[in-house]
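Heads up: the structure comes next, in structure tokens.
Numbering (the working numbering), first residue to last: 5 to 157.
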């Protein structure tokens with residue numbers, strides 16, 4: 005490959021990967037893989053710690069969401085002067101429902117991690133009934149704003 009061909013290829017790749025549409029598509033794909041991987045997780049269940057995702061998976065998800073947020077902020081500030089408000093929403097129409105679905109699953113992971121991290125000593129050893137009781141208390145705060153209802157308004 006010649007130098008000018010390589011330069012042209014790099015410019016094309018850079019311009020393709022520097023768009024908000026690309027960032028959103030990449031995020032949608034990653035979130036879809038996460039949803040698929042955790043499709044068997046019941047959002048109301050208490051999972052053992054070995055079924056909770058690793059910190060690497062959580063950091064990767066955080067990086068994906070952060071990148072999309074920055075891209076969307078930049079994009080929305082650029083198109084704020086446009087008269088067609090549907091253009092930005094067309095780009096993100098699939099992102100919100102997928103993200104909200106993933107929030108339910110990660111809420112179960114958070115609840116499970118908190119419950120499984122409680123000390124288990126002597127008479128304070130956690131029975132299944134105690135875990136269910138703690139889970140009910142933890143779910144009270146999260147019931148005020150159900151993630152899966154946010155996209156319906």
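For every residue, glycine included, the Cβ atom is placed at its ideal position computed from N, Cα and C.
Uninterrupted alpha helix (DSSP H) stretches inside the stretch 34–94 (no shorter than 4 residues): 59–83
Buried or exposed (CB count within 10 angstroms, at least 16 for buried), residue 81: Here residue 81 refers to the residue found at position 77 when the chain shown is read from its first residue. By the neighbour-count rule (16 or more Cβ atoms within 10 Å), residue 81 is not buried but exposed.
Cβ-based burial, residue 41 [other Cβ within 10 Å; buried from 16]: Here residue 41 refers to the residue found at position 37 of the chain shown. Exposed: under 16 other Cβ atoms inside 10 Å.
Neighbourhood of residue 22 by C-beta distance below 6 Å, restricted to the same chain and skipping five residues each side: The count along the chain shown starts at 1 and reaches residue 22 at position 18. Cβ within range, chain order: n/a, list empty.
Euclidean distance between Cα positions of residue 17 and residue 9: As a position in the chain shown, residue 17 is number 13, starting the count at 1. As a position in the chain shown, residue 9 is number 5, starting the count at 1. Roughly 12 Å separates the two Cα atoms.
Three-way DSSP call (helix, strand, coil) for residue 5 in this model: Taking the chain shown and counting its residues from 1, the one referred to as residue 5 is at position 1. Note: residue 5 maps to coil in three-state DSSP.
Separation of residue 6 from residue 55, as counted between CA atoms: Taking the first residue of the chain shown as 1, we reach residue 55 at position 51. Taking the first residue of the chain shown as 1, we reach residue 6 at position 2. The straight-line gap from Cα to Cα measures roughly 50 Å.
Option nearest residue 79 by Cα separation, candidates 96, 47, 104, 68: Within the chain shown, numbered from 1, the residue matching residue 79 stands at position 75. It is 96 whose Cα lies nearest to the Cα of residue 79.
Own chain residues within Cβ distance below 7 Å of residue 116, not counting five before or after: As a first step, residue 116 must be located in the chain shown, where it is residue number 112. These residues qualify, in order along the chain: 50, 51, 56.
Three-pair Cβ contact test at 8 Å for the stretch 30–49 versus the stretch 105–112: yes
Nearest-angstrom Cα separation, counted from residue 105 out to residue 121: As a working mapping, residue 121 is identified with position 117 in the chain shown. As a working mapping, residue 105 is identified with position 101 in the chain shown. Their backbone Cα atoms lie some 25 Å apart in a straight line.
Cβ pair residue 119, residue 135 closer than 7 Å: One-based indexing of the chain shown puts residue 119 at position 115. One-based indexing of the chain shown puts residue 135 at position 131. Contact: yes.
When 138, 114, 139 are compared against residue 59, the one with the closest alpha-carbon: Mapped onto the chain shown, residue 59 falls at position 55. Of 138, 114, 139, the residue nearest in Cα terms is 114.
Residue 100 - containing alpha helix (DSSP H), residue span: As a first step, residue 100 must be located in the chain shown, where it is residue number 96. Its alpha helix (DSSP H) spans residues 99–120.
Buried/exposed call for residue 31, threshold 16 Cβ in 10 Å: Here residue 31 corresponds to residue number 27 of the chain shown, with the count starting at 1. With 16 or more Cβ atoms within 10 Å of its Cβ, residue 31 is classed as buried.
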